[in-house]
Amino acid sequence: MFDSTISGKYVPPLDDRVPLWKLFDREWYLDRYPDVAVALPASETDVAEDHYREHGARLGHSPNMFFDEAWYLGRYPGVAAHVTAGGARSGFDHYCNDGYRQGYSPHWLFDEAFYLATHRDITRGLLNRNGFVNGYDHYLRQGDADILSGHRFFDAALYQQNAIEDDAGRTVSGGPFARFLANRARAGSTARLSWYFDPVWYLATYPDVAQEIDKGWWSCALQHFLCNRSPQRYAALEWFSESFYGKTYPDALGAVLDGSFRNTYEHFVRFGAAECRKPHQDVDLVRYARSLRVQAELERRDHPDAFTHWLANAAGLGADDITPATNLPEAQSKQLFLRQAEAMLLQFAHARIDFTLPDPDDLMPAVSVVMILHNQFALTMTALASLRACHGGAIELILIDSGSRDETRRIARYVSGARIVRFEHNVGFVAACNAALAHATAPSVLYLNNDLTLGIKSVERALARLASDPRIGAVGAKFIRTDGRLQEAGSIIWRDGSTAGYLRDGDPNLPEANFVREVDFCSGAFLMVRADVLKSLDGFDDDFRPAYYEETDLCVRLKKAGYRVIYDPSIIVQHVEYGSAGASRSTHMIQRNHKVFAGKHQDWLRYKYPQHSRNAVLARSPRPVHGCSRILFIEDRIPMRDLGSGYVRSNDIVHAMAALGHHVSVYPIYPAGCDALEILSDFPETTEVLYDRGLDQLASFIAERAGYYDIVWIGRTHNLERLLPTLSDASSSLPEHGFILDTEAVSAPRTIEQARVLGRTLEHDLETMLRREFACAYFCQRIVAVNERDAGLIRLAGHGNVAVLGHMKEVTPTQSGWGERAGILFLGAFHEESSPNYDSLSWFIDQVLPLLEGWLPPEVRFTIAGYVARQVDMSPFGRNPRIDLHGPVEDLEMLYDSHRVFVAPTRFAGGIPFKVHEAASFGLPVVATELLCRQVGWTDGADILSGGTDDAQRFADRIIEAYDDEDVWTRIRNGALARITDENNRAAYHARLKEILTDTNPE
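Under the UniProt record's numbering, the residues of the sequence shown are numbered 1 to 1003, in order.
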């Protein structure tokens, strides 16, 4: 039944195949049951194991700390009845012989199903290859030491952070769980071991429990909560109410009453928290989960759900959101900036800032930096140190000392390699800059204030932006004031000649501030200009002496000369606004020069927008060039490429729109599930991705941008149906003839196929279903299908305005040959367990894989990779010993280069399968169902291998054909690569998209 023995200081090595849970622990047994130690003579304690076998098992004793006999029999009444009937000597006997194979859990603080579902890479294959008999065996011998958690109420990392080890406990090897048990689980009464349970609050609220623990009835508060026989009487923590949850969610209460859950809290922890149900009348998880930061951290699995995130971050505030820090007054933040600058000064006494140029024959500087100085020595040195730190390349530094009276007069002591020009009095910014221009020899000139610090690689990024297009005349930065708020994200010139910093006082991380765009002008505090163009315009206009409006005028003159001014948010400047001149004097000069500017550029200004806050979005960028549009792109979610399920195609469409010159705003129906850094890296830098918005804000968003968009692209038919009332109500703010429905997939055929597969009966025929599906499509001027097959179905529904736009995929064939590869690959996204991908894998693993067992060598793996939503349980797939689960994989090329065959066993789906195109583009032959072969329109035996329809044997045979025959493998690989090259190339794709957009908005 079990093996001997375990001591308090011994954990078997991995090559010892006896599970820890199966070993009898004499020391623990005698300590746990002191009456046994008393009954046995001191000389006979070695026979404690015999005592357990003969008497202890019958008395309900546990053989070691890893198995709880009483809990096991209570958890599995069928086992208890089996033991009572004599079918097993004990619950432990049952577990050792049958329970571990059936996935039973042996201890109140370990859940076998939870462990395997949470740690998806721990598959049956991994367990077999490493000699583990089940998940609990893996957990005790490896997972616990790796700080994995085996139960929702035991967070190993949190235990390590909070638990104070009891010195009276035994010293054991292993991880937090083993130490917790070895110390008699005392920490379960004093330390927070999971965000789901608060032991201190629990004992204070239920003092009778503390008394029972003192009597030895329970080891700790956590055990009492999980094992007591009146589970609905006790709440786990302050912020969950059994009565409130049961009244609010009758379905949960009903599940408790029918025995599916111990209490409503178990329902909440397992399901309700993920659904953001309210655990308490004062906690609104739906509102809390709207936070972009919360969503990103949940997507990274920093916390299992919004409830635990809230408990870890905000519960102590007694509010349902995290209270933001109070903004520091700007006057104070400026003083702090200045103090920091002064505090850093002494470092320059023995360490000069070096701008010495290399030999001109070796390297010409790419940029001449012009900085005007008038006192403010500490700020100047901070700015120069920041400049040197952010750009290691050659810089021609030109310093104009405009009548300084402080240590600036001796700046050559602290800065090497700068060209210094001195004036005895303050000549003003314009005159000083123009004097510097005569000394500039580099191909670009950067005007840089001395009251700022630069973000990483700001100069390098400005140079790259300037070089990216010969039509770009100047590049500006995102300016952040010392209090952390925006000074500007590009600037606007109004019709009356006044100006406004776009998004002034806003959050620097707003989506609107974080995409590259053309602007009216950018602040001269950081403005990089082409030197030849700048000199042809004679620098700044002397009419704006001494300062202000000079950069505004320069940018307008650049535009009149045919150049563009670009705002680049990756160039970041922290700026002490008015640090170089007093605010009151600055205001006077601004008012004077405003009049000068308005008089000089009446011809240009009359076509600008009138000054009004509602015009800010319209005025933030010039209209796109002729033939291009402003496009509102609406999707279910922000279409990140790793989401699969049509989102890759949407992402490609956005990229193509941007490449064609369109101004695109991506708007999600559902809030973003990842952070802004990850989102922005997946989209063109010129695309506005509204990652902080969702369905609730769409109506107000459209109203705020009335008249802005030329085209509204709506991804997926169900979104048009859902949004139709909103779009109709807001029609006066939207284009009259600019609506495009991108169907992504026609769902009626998929529904019919799904019903056939699952044996369901449908009430309507195909044509009726199609007409219902596309009843809302009348609203759009253009409908887009992914292939001709779907286009025909849409026409059958009564709509003739259909265009086809499929997938874009460039071929990048992997290099490994047939003989260098091994294994079968499936790659796809799993958003829910009812999805086609989940169904296809279930069918493949249950029906096809067994047919391959007699043929596949034991070492051949079936690899499953791709995005998996948090709520999807992949552990059933991991039970097959041949399967490896990988989840999302960054290096797809490695997967495609190492496997020999790709399988696509989809039984019901709409549209076209991107995974087939992607696998083929990497040169991996595909075996697919007949459904997918029809969707891509490829020829069986030439470009793809058809596994038929619900024909497991045929599917297995086609896999064997490709896997075993190098000639077949090579023929299918080459045929598919040719198809992709011909049908899915970038140029043809862009041409098709351009035609669709032009037909919709011909202006």
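The C-beta atom is built at its ideal place from N, Cα and C for all residues, glycine as well.
Being a predicted model, the structure only gives us computed values, none of them experimental.
Whole-number beta carbon distance between residue j and residue i, since they are thought to touch under 8 Å
| i | j | result |
| --- | --- | --- |
| D406 | N375 | 5 Å |
| T482 | E330 | 7 Å |
| G866 | L827 | 5 Å |
| V367 | A436 | That pair is no contact at about 13 Å. |
| Y100 | N64 | Y100 to N64, Cβ: 14 Å. No contact. |
| D790 | G911 | 7 Å |
| H107 | D68 | 5 Å |
| I980 | I944 | Incorrect: roughly 11 Å between the Cβ atoms, too far for contact. |
| L181 | W21 | Contact doesn't hold; Cβ gap of about 11 Å is too wide. |
| A745 | V786 | 7 Å |
Identified DSSP bridge partners for residue i
| i | result |
| --- | --- |
| Y567 | G476, R517 |
| Y667 | I634 |
| residue 1009 | Residue 1009 is absent from the model: the chain starts at 1 and stops at 1003. |
| S444 | V367, R530 |
| S491 | G501, F521 |
| W713 | F633, I740 |
| S194 | F197 |
| T453 | Q574 |
| D884 | T863 |
Contacts around residue i, its chain only, beta-carbon distance under 7 Å, and the 5 residues preceding and following it disregarded
| i | result |
| --- | --- |
| L345 | A378, M381 |
| F154 | L109, F177, L193, S194 |
| V648 | R641, F914 |
| P813 | F922, G923, L977 |
| N228 | Y234 |
| D214 | none |
| T264 | E242, Y245, G246, A252, L253, V256 |
| Y691 | L292, P511, I638, A672, A676, I679 |
| P881 | R124, G125, N128 |
Through-space distance from residue j to residue i, alpha-carbon basis
| i | j | result |
| --- | --- | --- |
| A37 | N130 | 38 Å |
| E275 | G246 | 15 Å |
| E966 | E918 | 21 Å |
| H831 | V617 | 35 Å |
| G259 | E266 | 12 Å |
| A81 | Y667 | 58 Å |
| F231 | V256 | The identity of residue 231 in the sequence shown is Pro, whereas the question assumes Phe. Approximately 10 Å between the Cα atoms of the pair. |
| V654 | L632 | 10 Å |
| G393 | P365 | 8 Å |
| Q697 | H303 | 27 Å |
| T761 | A755 | 6 Å |
| T326 | A312 | Because the pLDDT at T326 is just 48, under 50, the model does not fix this residue reliably, and the point stays unresolved. |
| A236 | L222 | 9 Å |
| R504 | F515 | 16 Å |
| G497 | A706 | 23 Å |
| H663 | Q574 | 28 Å |
| A273 | L510 | 29 Å |
| V802 | P443 | 51 Å |
| Y670 | L841 | 27 Å |
| N985 | A991 | 10 Å |
| T1000 | I634 | 16 Å |
| K334 | D568 | 25 Å |
| A988 | D710 | 24 Å |
| residue 1004 | A57 | Look at the range of the chain in this structure, 1 to 1003, and you will see that residue 1004 is not part of it. |
8 Å CB neighbourhood of residue i in its chain, flanking five on each side removed
| i | result |
| --- | --- |
| D321 | In this predicted model, D321 has a pLDDT of only 43, less than 50, meaning its place in the structure is not dependable; the value taken from the coordinates is given anyway. So the qualifying residues of the chain are R287, Y288, S291, A314. |
| I824 | V860, R861, F862, T863, H899, R900, V901, F902, V903, I959, Y963 |
| L158 | R192, L193, S194, W195 |
| R419 | E396, L397, I398, L399, H439 |
Neighbourhood of residue i by C-beta distance below 6 Å, restricted to the same chain and skipping five residues each side
| i | result |
| --- | --- |
| A432 | I372, I400, S402 |
| A168 | Because the pLDDT of A168 is 46, which lies under 50, any placement of that residue in the model is unreliable, and the number read from its coordinates should be weighed accordingly. The answer is none, since no qualifying residue turns up. |
| D166 | Unreliable positioning characterises D166 in this predicted model, as indicated by a pLDDT of 48, which lies under 50. A coordinate reading is not provided. |
| R388 | I353 |
Which runs of the alpha helix (DSSP H) spanning at least 4 residues fall entirely within the segment 768 to 824, listed in chain order? Runs of the alpha helix (DSSP H) inside the segment 768 to 824: 788 to 796.
4-residue-minimum alpha helix (DSSP H) runs that sit fully inside the segment 816 to 876, ordered along the chain: Qualifying alpha helix (DSSP H) stretches, in chain order: 836 to 843, 849 to 852.
I'd like the ranges of any alpha helix (DSSP H) spanning at least 4 consecutive residues and lying wholly in the segment 346 to 429. Counting only runs of 4 or more, we get 377 to 390.
Write down every uninterrupted run of the alpha helix (DSSP H) in the segment 226 to 281 whose length is 4 residues or greater and which is fully enclosed by it, in chain order. Those alpha helix (DSSP H) runs which fall completely within the segment 226 to 281 and span 4+ residues are 242 to 248, 250 to 257, 264 to 267.
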